[in-house]
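Asker: Residue numbers (mature numbering (1 follows the signal peptide of the UniProt record, and there is no 0)): -16 to -1, 1 to 220.
The following block contains the structure, expressed as structure tokens.
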Ligand SMILES: [Cu+2]
């Protein structure tokens, strides 16, 4: 009986997945799924070498997806939910502990036609283990904020069309690889004015390895520090 219960418990946990569903621009909700490449379901990506790591499953094209116009220096809020509802349950499920990161990549032409491959991604946000003594993670803050977290788009980025890639890594079953769960959502935006910065860039997939200490990690052993995978944050 005990075995049955633990199997049921892990199934319940496994089903408690989530997707990015809303983008806010300077505090204004742009509407459900607007500007977003929508994956077929809320399952995570677990293979860090897969092209699904770029913008989730079916995420290499954004044809038919609206590209949101944003001013330089905008505050972008990404909002995630488990299911087709904004209330009535944890936004991203409290059992999912880990870092929250945001990357941005400039499209050579339109965001909708951009597949995000190659060394094009700049990390602009990363939040991980916030308080080792309470084991509070960035994901706990996202849950407390109804699924939302915000990032300021550096105003020194050149005008043009971009993909913004939000990433939440759930580490509750990450002590072996594959195990870490990558929740990814890509928004298409057009920055109307800007600067001339040329930030450092990495490939996704490419920048992560299964052996990274931020990807294969036991978070249930009184973890005192955590280094999220990928490069350091570029702050503009
Ligand atoms: Cu899940």
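The beta-carbon is built from N, C-alpha and C at its ideal position, and this holds for glycine as well.
1. Where does residue 128 fall in DSSP's three states?
2. Who pairs with residue 98 in a beta bridge, going by DSSP?
3. In three-state terms, what does DSSP make of residue 122?
4. Would you mind stating whether residue 173 and residue 51 have Cβ atoms separated by less than 8 Å?
5. How many Å lie between residue 187 and residue 103 at the Cα?
6. In this structure, what does DSSP give as the bridge partners for residue 65?
7. Okay, do the stretch 42 to 58 and the stretch 112 to 128 touch, 3+ Cβ pairs below 8 Å being the bar?
8. Note down the Cα distance separating residue 220 from residue 66, rounded to an integer number of angstroms.
9. Restricting to Cα atoms, I'd like to know which of 128, 39, 79 and 100 is closest to residue 150.
10. By Cβ distance, which residues of its chain are closer than 6 Å to residue 86, with the 5 residues on each side in sequence left out?
11. Please classify residue 3 as buried or exposed, where buried requires at least 16 neighbouring CB atoms within 10 angstroms.
12. Going by Cα to Cα distance, which pick from 201, 144 and 195 is closest to residue 56?
13. With 16 as the cutoff for other CB atoms within 10 Å, does residue 68 come out buried or exposed?
14. Cβ-heavy atom distance between residue 138 and ligand 1 below 7 Å?
Answerer: According to the structure data:
1. Looking up residue 128 in the chain shown gives position 144. Three-state DSSP puts residue 128 in a helix.
2. Taking the first residue of the chain shown as position 1, residue 98 is located at position 114. Residue 98 pairs with nothing; no bridge assigned.
3. Numbered from its first residue, the chain shown carries residue 122 at position 138. Residue 122 falls in the helix class under three-state DSSP.
4. Locating residue 173 in the chain shown gives position 189, where the first residue counts as 1. Locating residue 51 in the chain shown gives position 67, where the first residue counts as 1. Yes, the pair counts as a contact, with Cβ atoms nearer than the cut-off.
5. For the purposes of this step, residue 187 is identified with residue 203 of the chain shown, where counting begins at 1. For the purposes of this step, residue 103 is identified with residue 119 of the chain shown, where counting begins at 1. Near 4 Å, if we compare the C-alpha coordinates of residue 103 and residue 187.
6. Position 81 of the chain shown, counted from the start, is the residue given in the question as residue 65. Per DSSP, 3.
7. no
8. Looking up residue 220 in the chain shown gives position 236. Looking up residue 66 in the chain shown gives position 82. Rounded to the nearest angstrom, the two C-alpha atoms are 32 Å apart.
9. Walking along the chain shown from the start, residue 150 turns up at place 166. With distances taken between Cα atoms, residue 150 lies closest to 39.
10. Translated into the one-based positions of the chain shown, residue 86 becomes position 102. 108, 109, 135 and 150, listed in sequence order.
11. By one-based count along the chain shown, residue 3 stands at place 19. Burial call: buried.
12. Looking up residue 56 in the chain shown gives position 72. Measuring from the Cα of residue 56, the nearest candidate turns out to be 144.
13. Indexing the chain shown from 1 puts residue 68 at position 84. Residue 68 should be labelled exposed.
14. Indexing the chain shown from 1 puts residue 138 at position 154. Flag unset: Cβ of residue 138 not near ligand 1.
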